[in-house]
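Numbering (my numbering), first residue to last: 2 to 295. For every residue, glycine included, the Cβ atom is placed at its ideal position computed from N, Cα and C. Remarks on the structure that follows.
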């Protein structure tokens, strides 16, 4: 699965000849913001893109989505997901399986009360229509689920098409730990969540990915390092946390409005090329000169 992070607005740059054409994805005419956007590309139809993002068009946070059938030149089926359990939706994530079915996950919660939950939507028609929400985890007392992302095994491993979700669970609403769950049946049922970070407190923004032989990788950030853990049995068990890189984390606004964090982005080469199995992690570091570096 290829995940592309797109420009705010919501917009995408498409290569036209020797240049780029900025194309707007969302169609609302409000002045509200959209952010936390992603694009996922269908592995069996590489002109089929599906995007999702956090959307404030109705005056409070929701999750929007749209689809393209021509490599991003035009966009259709642009609207909001509807999760009726709670009134706010946020923190969108998206992946696609080996058959081209798309999965979007959202964090849902009430604006004035707890608890909250994570919910999954599936599209079997290239992002045009979506299923009713399926519960990943919901209603756990004295915790707040946060910053979930999703990955799918598209390799030829025994775990092909498994779905994996990692997120930060704030225990007693204050102390985060990295949690994980998996589904083996397109998100209809999910395993009991397990804590995969060896520590609690200094962890956030987990990112799952799948290796060339079906390994499950999860990276996340702390205040001074990028951390990593892996599973070789399809997400049933995980090992000891490892440090990827020490760094100076940052949490600042760009031009006063765009909040940035030092969370990782991760992908794995699952091709049959010479770099098969390589893991790639990018992150932002607060440089020694006071300016952020990638």
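For residue i, which three-state DSSP category applies?
| i | result |
| --- | --- |
| residue 313 | Residue 313 falls outside the range modelled here, since the chain spans only 2 to 295, and no answer is possible. |
| residue 249 | coil |
| residue 194 | coil |
| residue 112 | coil |
| residue 69 | strand |
| residue 232 | strand |
Between residue i and chain E, is the shortest Cβ-Cβ distance under 9 Å, so that the two count as touching?
| i | result |
| --- | --- |
| residue 38 | This model lacks chain E altogether; it includes just one protein chain. |
Using the Cα positions of residue i and residue j, report the straight-line distance between them to the nearest angstrom.
| i | j | result |
| --- | --- | --- |
| residue 293 | residue 248 | 11 Å |
| residue 188 | residue 137 | 7 Å |
| residue 144 | residue 25 | 37 Å |
| residue 131 | residue 174 | 31 Å |
| residue 133 | residue 84 | 8 Å |
| residue 186 | residue 263 | 33 Å |
| residue 261 | residue 286 | 11 Å |
Please name the residue, chosen from the options, that lies closest to residue i on a Cα-to-Cα basis.
| i | options | result |
| --- | --- | --- |
| residue 120 | 218, 271, 129 and 149 | 149 |
| residue 98 | 163, 67, 88 and 77 | 163 |
| residue 101 | 123, 200 and 107 | 123 |
| residue 38 | 54, 231 and 30 | 54 |
| residue 126 | 77, 155 and 86 | 77 |
| residue 88 | 72, 66 and 118 | 118 |
| residue 171 | 206, 36 and 241 | 206 |
Starting from the C-beta of residue i, find all residues in its chain whose C-beta is less than 6 Å away, skip the five residues before and the five after it, and write them out in chain order.
| i | result |
| --- | --- |
| residue 51 | 41, 68, 103 and 128 |
| residue 158 | 214 and 215 |
| residue 58 | 29, 31 and 33 |
| residue 5 | Caution applies to residue 5, whose pLDDT of 46 falls short of 50 and renders its modelled position unreliable; the value that the coordinates give is listed next. Once the five neighbours on either side are set aside, the close Cβ partners of residue 5 are 40. |
| residue 196 | 178 and 180 |
Near residue i, which residues of its chain fall below 7 Å by C-beta distance, leaving aside the five closest residues on each side in sequence?
| i | result |
| --- | --- |
| residue 210 | 152, 218, 267, 268 and 269 |
| residue 142 | 116 |
Ordered along the chain, which non-local residues of its own chain (more than five positions away) have a Cβ less than 8 Å from that of residue i?
| i | result |
| --- | --- |
| residue 113 | none |
task: Output the residue ranges of the beta strand (DSSP E) runs that lie fully inside the stretch 13–66 and measure 3 residues or longer, sorted by chain position.
output: Taking only runs of at least 3 residues, the beta strand (DSSP E) segments lying wholly in the stretch 13–66 are 20–25, 35–42 and 50–56.
Minimum length 3: unbroken beta strand (DSSP E) runs contained in the stretch 81–168: 89–97, 103–110, 117–124, 135–139 and 144–153
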